[in-house]
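Student: Protein chains in written order, with my numbering: chain A, 184 to 460; chain B, 57 to 371.
This structure is in structure tokens; I'll ask about it shortly.
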């Protein structure tokens, strides 16, 4: 089967299907969910029944509904983070590459220092001081993640700045903005798109992890990581309650990774250390 | 070569310095008024004055930073805001616990992943390699707590071999400590081993296309010998880098694992401090984690210089 002119492997097809289902469910949750987000329809950790497909969570809400709203929230936040981080990262990276000079040195050193602190620790520090509201979360993680995007965008920009058509544009008198958006950016799309997929996965796991620690998206908003945290005690009784949201997280990240892997293999790069980095 | 190493060490120390400044700026200067940011709703005028005096916020910022840094270098990290305990007394045993857990995981993960990576490279293209590829791709996509809960369900609830809560205390003997820490260590191992396995395999395979390897094959050497004796030493540099990076990642991944298994380590200490908005503890923990991270990265760079003779001289 061919998609966009490239051959589709079995794993990529699986990945695309799962991602598609998640996107559809997240977009149309208010119409698809069996109950409302916070309705109590059963006892604590009820077993799965015809009324509640995955049983109930720790205060009797329908697990399936919570999972649908949770995916919507977590995917939405992760998408916002990745978009913002790409915006910041690409802007600073390309400006750095094209302008060079002290601007380049300043940003590179700043990013180097930021990369010397592990992201989770840095995020914890900022959240500890500013609290865990959703705008703070999105802004913090986006700024942290933009460092990696900066590196990639700068590397791509450096490669493209020395091309003849960029030099020609400069000689014509085109300004910085024109050079970036019309000469360099269109030629740098491909690696950036696959990087978007990978960073989305990472941010999705990051926000789920933070919520799992209790420091991410706060209740009463449904969120997959938070749901794992709330239902965690059930595991000690052998009940599967926290496994459902955790499986949802795992399923989505694996699927996105499979799709991105397929997209990277289209480039037909030889297997090697380059492909892994 | 010694000059390169000294250079790298100095760069590491400089980075540490810059990192401490960054942490201090983020916790003390960025919020504007730290007092009202942390106190939030409880920020009555009296509370604000007391809080400011406690944190010494009336002293100018650079003097505060200097005092904090000098204190930290002497081992005095201040007093926790929430329970008035001396921070270093709580931090050191937890740091020991965390390093024990990370070391335990590393001890299992490194030989396992490098060995399996080499085996996968030897068997490239066959079904065993393809299976390893898919399995490791899945493993690096799974969130840490998912793997942790799977292991708990299997090992603690079903076969009841290991405890699901890792109770490690100060006076415990070594064997008991190892037993309690096994499940968390296993979870961490699975996390980093998959990544290191893929990297080892990639690195070895990328070396395979060089002329001297082709010569070894033309000489008639068996594939296994070519890989182990000729390709592996040259593939060592990226592998070592990835190992050191994953060790650094371990120190961070530990945070979530400690939360799942309620293991009394540095990660849990920091998470508690963040939920209680205890700024001095957050600063101290952040500094400690960053120091370990920078040290491991510096070690990785130095090892790469040592392993690859081509890098030993200034270009």
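For glycine and all other residues, C-beta sits at the position ideal for the given N, C-alpha and C.
Ends of the alpha helix (DSSP H) at residue 167(B)?
Tutor: Start and end: 143 to 178.
Student: Answer with yes or no whether the minimum CB distance from residue 339(B) to chain A is below 9 angstroms.
Tutor: With 9 angstroms as the cut-off, residue 339(B) counts as an interface residue toward chain A.
Student: Helix, strand or coil: which one does DSSP assign to residue 244(A)?
Tutor: Looking at residue 244(A) - three-state DSSP - the assignment turns out to be strand.
Student: Under the assumption that residue 239(B) contacts residue 211(B) (Cβ atoms under 8 angstroms), give the Cβ distance between them as a whole number of angstroms.
Tutor: Contact holds; Cβ gap of about 6 angstroms.
Student: Distance check for residue 353(B) and residue 126(B), CA to CA, integer angstroms please.
Tutor: One C-alpha to the other measures close to 24 angstroms.
Student: Using 10 angstroms around the beta-carbon of residue 345(A), count the other beta-carbons present and answer buried if the total reaches 16, otherwise exposed.
Tutor: Looking at its Cβ environment, which holds fewer than 16 other Cβ atoms inside 10 Å, residue 345(A) is exposed.
Student: Can you give me the Cβ contacts of residue 60(B) inside the same chain, cut-off strictly under 6 angstroms, excluding the 5 residues immediately before and after it?
Tutor: Counting only Cβ-Cβ distances below 6 angstroms, and skipping sequence neighbours, we find 361.
Student: Counting only beta-carbon atoms, is residue 342(B) nearer than 9 angstroms to chain A?
Tutor: For residue 342(B), the answer is yes, since a Cβ of chain A falls inside 9 angstroms of its Cβ.
Student: Between which two residues does the alpha helix (DSSP H) harbouring residue 232(B) extend?
Tutor: Looking at the DSSP string, the run of the alpha helix (DSSP H) that includes residue 232(B) is 230 to 236.
Student: DSSP has residue 223(A) in a bridge; who is on the other side?
Tutor: DSSP lists 244(A) as partners of residue 223(A).
Student: I need the straight-line Cα distance from residue 456(A) to residue 282(B), nearest angstrom please.
Tutor: At residue 456(A), the pLDDT of 43 sits below 50, so the modelled position is not reliable and the matter cannot be decided from this model.
Student: How many Å lie between residue 194(A) and residue 367(A) at the Cα?
Tutor: Rounded to the nearest angstrom, the two C-alpha atoms are 33 angstroms apart.
Student: Quick check on this structure: which residue in 398(A), 436(A), 203(A) has the alpha carbon closest to the alpha carbon of residue 324(A)?
Tutor: For residue 324(A), the nearest C-alpha among the options comes from 398(A).
Student: Within 10 Å of its beta-carbon, does residue 235(A) have 16 or more other beta-carbons around it, so buried, or fewer, so exposed?
Tutor: By the neighbour-count rule (16 or more Cβ atoms within 10 Å), residue 235(A) is buried.
Student: Secondary structure at residue 442(A), three-state DSSP: helix, strand or coil?
Tutor: It is helical.
Student: Which residues in the same chain as residue 222(A) place their Cβ atom closer than 8 angstroms to its Cβ, once the five residues preceding and following it in sequence are excluded?
Tutor: Excluding positions up to five away in sequence, the list reads 244, 245, 248.
Student: Report the neighbours of residue 331(B) on chain A: residues whose CB is nearer than 7 angstroms to its CB, in chain order.
Tutor: Within 7 angstroms Cβ-Cβ: 397, 398.
Student: Taking 8 angstroms as the threshold, find out whether the stretch 420 to 438 of chain A comes into contact with the stretch 291 to 307 of chain A through three or more Cβ pairs.
Tutor: The stretch 420 to 438 of chain A, when compared against the stretch 291 to 307 of chain A, does not touch it at the 8 angstroms Cβ threshold.
Student: I'd like to know whether the C-beta atoms of residue 298(B) and residue 259(B) end up nearer to each other than 9 angstroms.
Tutor: Cβ atoms of residue 298(B) and residue 259(B): closer than 9 angstroms.
Student: Give, in chain order, every unbroken run of the alpha helix (DSSP H) that is at least 4 residues long and sits entirely within the stretch 264 to 339 of chain A.
Tutor: Entirely contained in the stretch 264 to 339 of chain A, the alpha helix (DSSP H) runs reaching 4 residues are, in chain order, 284 to 298, 302 to 313.
Student: Do you know how far the Cα of residue 208(B) is from the Cα of residue 265(A)?
Tutor: Going by the C-alpha atoms only, they are around 32 angstroms apart.
Student: How big is the Cα-Cα spacing for residue 324(B) and residue 383(A)?
Tutor: So the two alpha carbons sit approximately 26 angstroms from each other.
Student: I think residue 170(B) touches residue 295(B), with their Cβ atoms under 8 angstroms apart; what is that distance to the nearest whole Å?
Tutor: The pair is a contact, with the Cβ atoms about 7 angstroms apart (cut-off 8 angstroms).
Student: Show which residues of chain B have a CB atom less than 8 angstroms away from the CB atom of residue 392(A).
Tutor: Near residue 392(A) (Cβ distances below 8 angstroms), the residues of chain B are 199, 200, 201, 312.
Student: Buried or exposed for residue 316(A), please, with buried defined as at least 16 other CB atoms from any protein chain shown within 10 angstroms of its CB.
Tutor: Flag for residue 316(A) reads exposed.
Student: Which partner residues of residue 512(A) appear in the DSSP bridge assignment?
Tutor: Here chain A has residues from 184 to 460 only, and residue 512(A) is not among them.
Student: Name the DSSP bridge partner or partners of residue 307(B)?
Tutor: Beta-bridge pairing links residue 307(B) to no other residue.
Student: Rounded C-beta distance between residue 172(B) and residue 246(B)? I'm assuming under 8 angstroms.
Tutor: The pair is not a contact, with the Cβ atoms about 12 angstroms apart (cut-off 8 angstroms).
Student: Note down the Cα distance separating residue 58(B) from residue 273(B), rounded to an integer number of angstroms.
Tutor: Using only the alpha carbons, I get a separation of about 37 angstroms.
Student: So, at 6 angstroms on beta carbons, what are the nonlocal neighbours of residue 330(A) in its own chain, with the 5 sequence-adjacent residues on each side left out?
Tutor: Cβ neighbours of residue 330(A) beyond the five flanking positions: 294, 297, 298.
Student: Using beta carbons (cut-off 9 angstroms, strictly below), is residue 311(A) in contact with chain B?
Tutor: It does; some Cβ of chain B falls within 9 angstroms.
Student: To the nearest angstrom, how far is it from the Cα of residue 128(B) to the Cα of residue 138(B)?
Tutor: C-alpha separation (whole angstroms): 19 angstroms.
Student: What separation, rounded to the nearest whole angstrom, lies between the Cα atoms of residue 361(A) and residue 342(A)?
Tutor: Residue 361(A) and residue 342(A): Cα-Cα distance of roughly 18 angstroms.
Student: Would you mind stating whether residue 250(B) and residue 191(B) have Cβ atoms separated by less than 9 angstroms?
Tutor: A contact, by the Cβ cut-off of 9 angstroms.
Student: Can you pull the chain A residues whose beta carbon is under 8 angstroms from the beta carbon of residue 78(B), in chain order?
Tutor: Within 8 angstroms Cβ-Cβ: 296, 297, 300.
Student: Mind checking residue 107(B): buried by the 16 CB within 10 Å criterion, or exposed?
Tutor: Counting Cβ neighbours within 10 Å, residue 107(B) comes out buried, since at least 16 surround it.
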